[in-house]
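Student:
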Amino acid sequence: MTNTQNPLVELRNIEIAFGGIKAVDDVSVDLYPGEVVGLLGHNGAGKSTLIKCLSGAYKKDAGEVLINGKSVEINNPRDARSYNIETIYQTLALADNLDAASNLFLGREIVTKSGMLDEAKMEAETRKIMARLNPNFRKFNEPVSALSGGQRQSVAIARAVYFNAKILIMDEPTAALGPHETQMVAELIQELKKQGLGIFLIDHDVHAVKQLCDRAAVMKNGQLVGVVKVDEVTEDDLLAMIILGRKPEHLAA
Amino acid sequence: MTDTSNKPTGSASKTGPIARFLRATEIDTRLLGMVGALLAIWIGFHMYGVIFNDFGAFLTPRNLWNLSVQMCSIGIMATGMVLVIITRNIDLSVGSLVGVTGMIMGILQVEILPQYLGLGNPTIWIITAVVGILCGAIIGAFHGWLIAYRGIPAFIVTLGGLMIWRGAAFLSNNGKTISPVDATFQLLGGGPYGTVGATGSWIVGGLACAGIIWLIYAGRRNRIEHDFPLRPMWAELFVGGLGCAIVVGAVLLVNSYPWPKGIVNQWAAKNGVEVPAEGLFISHGFAIPVIILMVVGILMTILMTRTRFGRYVFAIGGNPEAAALAGINVRWMTLRIFALMGALAGLSAVVASARLNSATNALGLLDELYVIAAAVIGGTSLAGGVGTIYGAILGALVMQSLQTGMVLIGFDTAVQQIVVGSVLVVAVYLDNLYRSRSK
Ligand SMILES: Nc1ncnc2c1ncn2[C@@H]1O[C@H](COP(=O)(O)OP(=O)(O)O)[C@@H](O)[C@H]1O
Ligand SMILES: [Mg+2]
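From first to last, the protein sequence lines are chains A and B. Heads up, the first sequence is in my numbering, so the first residue is -10 and it goes up one at a time. Heads up, the second sequence is in my numbering, so the first residue is 112 and it goes up one at a time.
1. Cβ of B:Ala189 within 7 Å of Cβ of B:Ala507?
2. Distance check for A:Thr223 and A:His239, CA to CA, integer angstroms please.
3. Give the interface partners of B:Arg422 over in chain A, defined as CB-CB distance under 7 Å, in chain order.
4. Output yes if chain A places a C-beta closer than 7 Å to the C-beta of B:Met112; else output no.
5. Measure from the alpha carbon of A:Pro(-4) to the alpha carbon of each residue in A:Val26, A:Glu4, A:Asp15, A:Ser91, then state which is nearest.
6. Closer than 5 Å is what we want: which residues have a beta carbon that near any heavy atom of ligand 2? List them in chain order.
7. Label B:Asp338 either buried or exposed according to how many other C-beta atoms from any shown protein chain fall within 10 Å of its C-beta, with 16 as the threshold for buried.
8. Please list the residues of the region 343 to 372 of chain B that have a C-beta atom closer than 8 Å to any C-beta atom in chain A, keeping them in chain order.
9. Kindly indicate if chain A contains any beta-carbon less than 7 Å away from that of B:Arg442.
10. DSSP three-state label for A:Ala12, please.
11. Given this structure, state the Cα-to-Cα distance separating B:Tyr481 from B:Thr491, to the nearest angstrom.
12. Taking 6 Å as the line, does the beta carbon of A:Phe7 fall inside it for any heavy atom of ligand 1?
13. Can you check whether the C-beta of A:Arg67 is within less than 7 Å of a C-beta belonging to chain B?
14. List, in chain order, every chain B residue whose beta-carbon is nearer than 8 Å to that of A:Arg70.
15. Mind listing the chain B neighbours of A:Tyr47? Cutoff is C-beta to C-beta under 9 Å, in chain order.
16. Verify whether the separation of the beta carbon atoms of A:Val207 and A:Val214 is less than 7 Å.
17. Would you say A:Ala149 reaches chain B, if we count a Cβ-Cβ gap shorter than 7 Å as a contact?
18. Along the chain, which unbroken stretches of the alpha helix (DSSP H) at least 4 residues long are found entirely within the region 289 to 342 of chain B?
19. In terms of DSSP beta bridges, what is B:Ser394 paired with?
20. A:Lys182 lies in the alpha helix (DSSP H); which residues open and close that run?
21. With hydrogens ignored, establish whether the beta-carbon of A:Ala51 is closer than 6 Å to any heavy atom of ligand 1.
22. On the DSSP letters alone, give me the boundaries of the alpha helix (DSSP H) that A:Asp225 sits inside.
23. At the 7 Å Cβ level, is B:Gly408 part of the contact set with chain A, yes or no?
24. Between A:Gly23 and A:Lys182, how many whole angstroms is the CB-CB distance? I'm expecting something under 8 Å.
25. Counting contacts by CB-CB distance shorter than 7 Å, is A:Leu83 in contact with chain B?
26. What first and last residue would you give for the beta strand (DSSP E) that runs through A:Asp160?
27. So, is the C-beta of B:Gly496 closer than 7 Å to a C-beta in chain A?
28. Considering only heavy atoms of ligand 1, does any lie closer than 6 Å to the CB of A:Ala120?
29. Taking the straight line between their C-alpha atoms, what separation do you get for B:Gly278 and B:Phe449?
30. So within the region -6 to 75 of chain A, which uninterrupted beta strand (DSSP E) runs reach at least 3 residues, ignoring any that extend past its ends?
31. Does the distance from the CB of A:Ala90 to the CB of A:Glu75 come in under 7 Å?
32. Comparing the C-beta of A:Asn130 with each C-beta of chain B, is any distance below 7 Å?
33. Is any beta-carbon of chain B found at less than 7 Å from that of A:Ala109?
34. Less than 6 Å separating the Cβ of A:Gly33 from some heavy atom of ligand 1?
35. Please state whether the Cβ-Cβ distance between B:Val193 and B:Gly498 is less than 7 Å.
36. Is B:Met158 buried or exposed, if buried means 16 or more other CB atoms sit within 10 Å of its CB?
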């Protein structure tokens, strides 16, 4: 990764407030192709809110979003998808009453020539991607409410991966997963990174961030504490940034 | 289970034969329960008549034919209410919409159109019905707009609509009834002439059977193409055979109900046919409103299970936030759902006013309650996300069967209300039990 390339995503001075309280306050982060940027911070720091401005779930109050160097308006999730931005939300955003295939293709259903849903095709595609992500998955014809937390999470991940994302946002993707499944997600992230995707990874686990990410952006109370290269800091440095809201001395400009 | 002599050895499983049978045929146990309840109601009323009145009047072609016609108006609207309730809304205004669109159509076809087109012009009924359905759709869309884009709860918007449109129905003709309606229009409500006859009914039945067989064949072909597990052949044959048997039974039933003597003579005189001494047996066949309900049921089922629109309805009901995050325009969907509900109320008004051969401002009074009850008895969950079109139509049939049955055995209105109300509450309670058990 060299910084001479154009960044894939630039978030510039993003601001958004709820009821007068700034959930995100003047935050700028960028993301390069083939790079994983970790977002760290306490609960309520504003990580999810920030990425929702990129995924189209929220409309920012101020700031600018650039994709491949061009300023873009993202007003809704459809806009985000049209820029190949895929998101795994912290809440997973699954319709519990629908099965895995219906959720995977929600909003982007495959239809036949006559405009009817092609259920069989969608199920077949779902079987293919799940075989890759979660080979033990069997419950293709049950509503996702009948799935375990890990299985639900794998459906949400499959949805983000299936549509050839260029920019992937993962909001605590391993929260409901066991150690083995978490390891599989880590491998997936490595693989996608090799394919040149840019990934925003929100994770609580500082250790995982140090392993998986190239850079880490730390937020506190809606503000950006700093963005650091993970190789230049220790886990303790990251923890200090999260807790104290200060960049480590040796990096402070 | 000690008898193992003639059990298939292939599928060694712990489940009983009934469970295995249901799994193989993929018959919905909920559907089975509803059909069971319906049969219990029918047989119960019939036996009550046999025992206490020396005559079982319920399970007769005449009564069942009448039942089929009477349920249409509620049944048509119940299919739309399913969508409204699945998306966690409610529409209390449908009865009043029937009233106001019925009046609009009455005035249009009796007082306005004949002036320009001449009395009995064959296009009158078409224009009237289209205008009625359109007016329903426009009013429904307006409700939907208030709900989705102005954030007023559906309960309030449609409660207001309930009163407003009933009042409008009264004012439209100063409370006066309009009668009779256009002669062709009247056929849409059923009655002896408003039927498709014996041959027509066999054609309808034949098409239905062909449709069932094609669905099963196409489903099997699809599963083979994608290497999905197949239903056993016997299960396919059983489901297909059962479906066709029900269709044929329905045709035989409606064809075994003849025109009354007076109608036969009237018809014979008009067409110059000589009536033999023993009389003529002319079958009713399916009533036109029943055909309308069937078509609505099929189209709505296709809409809900095979199109993006239907998929989004379910998604919004299951998780509105997730639906929005998947790029579904939840507001626009809500508006369209209420517009569809309004259009169906307009269609229901066509059937209801044609059947009465008049438009009155009381048309559809209290229908909202029966429509909601039909949808809910039919398994539509008020928590959202769950419901079927066939369930709602069956629910309408259950409601109408109760009503008709109690009239037949002479319960008065007060008792009828108590029974219908109790059945609604108990049905939903049983449904809750069923759902929590099957989780
Ligand atoms: N839709 C909303 N309405 C009101 N407040 C919100 C909303 N979304 C987020 N917030 C607030 O914004 C702040 C940041 O939340 P969030 O981005 O979820 O934090 P994180 O993901 O870092 O844990 C919190 O104080 C939260 O209460
Ligand atoms: Mg969060």
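Built from N, CA and C at the ideal position, the CB exists for glycine as well.
Tutor: Let's see:
1. yes
2. 11 Å
3. Ser91, Glu98, Leu106
4. Residue placement at B:Met112 cannot be trusted, given a pLDDT of 36 that sits under 50; what the coordinates show is reported in the next sentence. Chain A contact via Cβ: absent.
5. A:Val26
6. A:Ser37, A:Gln79
7. exposed
8. none
9. no
10. strand
11. 14 Å
12. yes
13. yes
14. Gly438
15. Chain B residues near A:Tyr47: none, gap ~11 Å exceeds 9 Å.
16. yes
17. no
18. 294 to 298, 308 to 336
19. B:Pro369
20. 168 to 183
21. no
22. 224 to 233
23. no
24. 6 Å
25. yes
26. 156 to 160
27. yes
28. no
29. 20 Å
30. -2 to 7, 10 to 20, 25 to 29, 51 to 56, 59 to 61
31. no
32. no
33. yes
34. yes
35. yes
36. exposed
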